[in-house]
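Input: a single structure, listed below in structure tokens.
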Amino acid sequence: MRKFLPQLLIVLATFGNLATADARGLNIDQNYGNIGNWAIGYSDNIGGCLAKVEYNNRTMLWLGLGSAEFGAFIALTNPNWDWVTIGKSYQLRVELPPYGQWKGEFTGFRGGDYPGLIFANFKTQFLYDFVRAREAVFSEGIGRLDLTLSGRAVQALIQCQSARGNPEGTAPEEAAPKETKPKEPAERPTKISTGTGFFVSNEGDILTNFHVIEGCSVVAIWQVGAGYYEEGIVKSVDTKNDLALVTSKIKPAAVPAWNAGVRLGETVAVYGFPLSGTLTHSGNFTIGNVSAVAGPNDDTSWLQISAPIQPGNSGGPLLDQTGNVVGVINAQLKKEFLAQNVNFAIKAGIAVGFLAANDLKANTSPDKTPISPDELAARAKKFTVQILCQPR
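Printed below as a string of structure tokens:
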């Protein structure tokens, strides 16, 4: 994991005016779930999702993604903090072992029934960086706060925001009562979209679909078992073939080989992260067959497959029975075809050509020993990641 102190110093200059924070409270109006002692839910006041945890000294740590007014934020509240003045600025020193320390300007506010301090409207990447630490040690007598499970809490927070942001355009299940006055645009939750990608080099390069990262201000990478998010940077795109290359600091446990010789009828498998906020965030594995070796209008750059896919699978690997990549899943094209079991993937040869154009040599010597489905799923989990996009 990389040290991120320089980036934090840049972030400190990016937060906005919190004058309106005094009139609002932090609270969870609609519960989304729990991760250990962390509670996840949606706040009507903030216009976004929150994660909160309470410590023995009654201090509560809040992490959230609010409206355009708040953006991402970190807040602390405690009923005994009578020294906090609403609207006053407080320079806090925060130690984040093992990454060092930083200084942040927090603002006094009232979080529900309790006084507190809030640091808000910063880039979402800072939130990912914050929860990597084992603990956060605050100055001003606030003390040491354990960050155990905070990485998973932020992942659940992102899932909650994605569900509330409603990226697929369907109506949320818990709609506001008809008589409720509509919120102003600034209070609507940020829409966060998700997709899948997989490692194509030992240096942390990730291949995905272009439409997964198109228009993103922040790209975050989640790997099962890591417990935190890593920043992704878009390196190259191929809009015609809907491919994108994202760089990261992650050192992958495995990088798959490629097989461009998949045949009609061959058994194939899909591993990815579909329907974020609905299905499991530990990865989803499905099996099917190659239905055709050409796509719509006999386009030979595509494969048609029967393995089930859903929104969120886009950019993930299509695998043969030996664990080689034979294609790149594209769930967006599925929207044009309503028939069941009609799904598509970009052929391996197209993807390998894109990698070569970016000076990445793919391993085109495929494994030839078939493995069981459970072994295949376990292998895919090592090199497949979830990609989250916060739009501009």
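Take the sequence shown: its position 155, counting from 1, is numbered 402 in my numbering, and each next residue is one higher.
By construction, the Cβ of each residue, glycine as well, lies at the ideal position given by its N, Cα and C atoms.
Look at the alpha carbon of A319 and the alpha carbon of A367, and state the distance between them as a whole number of angstroms.
6 Å
With a threshold of 16 other CB atoms inside 10 Å of the CB of N577, please say whether the residue is buried or exposed.
buried
In or out: A270 buried (at least 16 other Cβ within 10 Å) or exposed?
Confidence at A270 is low in this model, with a pLDDT of 37, below 50, so the placement of that residue should be treated as unreliable; the coordinate-derived value is given next. The residue in question, A270, is exposed, as its Cβ has fewer than 16 Cβ neighbours within 10 Å.
For S619, which residues of its own chain have a beta-carbon under 7 Å away from its beta-carbon, when the five flanking residues on both sides are left out?
none
Between V481 and A491, which are expected to be in contact by the criterion C-beta below 8 Å, what is the C-beta distance as a whole number of angstroms?
6 Å
Buried or exposed, going by whether 16 or more other CB atoms sit within 10 Å of the CB of A604?
exposed
Tell me, which residues are paired with T533 by DSSP?
V517
Under 9 Å, do G472 and T455 count as touching if we go by C-beta distance?
No, they are not a contact pair.
Looking at G355: is its Cβ nearer than 9 Å to the Cβ of K335?
yes
Flag this pair as touching only if the stretch 282-291 and the stretch 337-356 have three or more C-beta atom pairs under 8 Å; answer yes or no.
Flag = no, the stretch 282-291 and the stretch 337-356 do not touch.
Going by DSSP, name the residue or residues bridged to V599.
DSSP lists no partner for V599.
With a cut-off of 8 Å on the beta carbons, I'd call A627 and P543 a contact; round off their distance for me.
Their Cβ separation, rounded to whole angstroms, is 27 Å, which puts A627 and P543 out of contact at 8 Å.
Would you mind stating whether A410 and W505 have Cβ atoms separated by less than 9 Å?
no
Assign Q551 to buried or exposed, taking buried as 16 or more other Cβ atoms, counted over all protein chains shown, within 10 Å of its Cβ.
buried
Can you name the start and end residues of the beta strand (DSSP E) that L396 belongs to?
Premise fails: L396 is in no beta strand (DSSP E) and is neither H nor E.
Is G311 closer than 9 Å to L396 when the C-beta atoms are compared?
no
If you draw a straight line from the C-alpha of D393 to the C-alpha of Y375, how long is it?
Roughly 16 Å between the two C-alpha positions.
Can you check whether the CB of L635 is closer than 9 Å to the CB of I453?
Going by C-beta atoms, I453 is not nearer than 9 Å to L635.
Give the single residue among V575, T332, K615 whose Cα lies nearest to the Cα of F601.
V575
I need the straight-line Cα distance from S386 to K299, nearest angstrom please.
20 Å
Quick check on the burial criterion: 16 or more other C-beta atoms within 10 angstroms. Buried or exposed for A500?
exposed
If you draw a straight line from the C-alpha of G519 to the C-alpha of V459, how long is it?
One C-alpha to the other measures close to 13 Å.
For N488, tell me which candidate among A322, S548, S553, N588 has the shortest Cα-Cα distance.
S548
Applying the 10 Å Cβ sphere with the 16-neighbour rule, what's the burial state of L511?
L511 comes out exposed.
I'd like the list of long-range same chain contacts for T306, defined as Cβ closer than 8 Å, with 5 residues on each side in sequence excluded.
Sequence-distant Cβ neighbours of T306 in its own chain, meaning closer than 8 Å and more than five residues away, are L323, T324, N325, I389, G390, L392.
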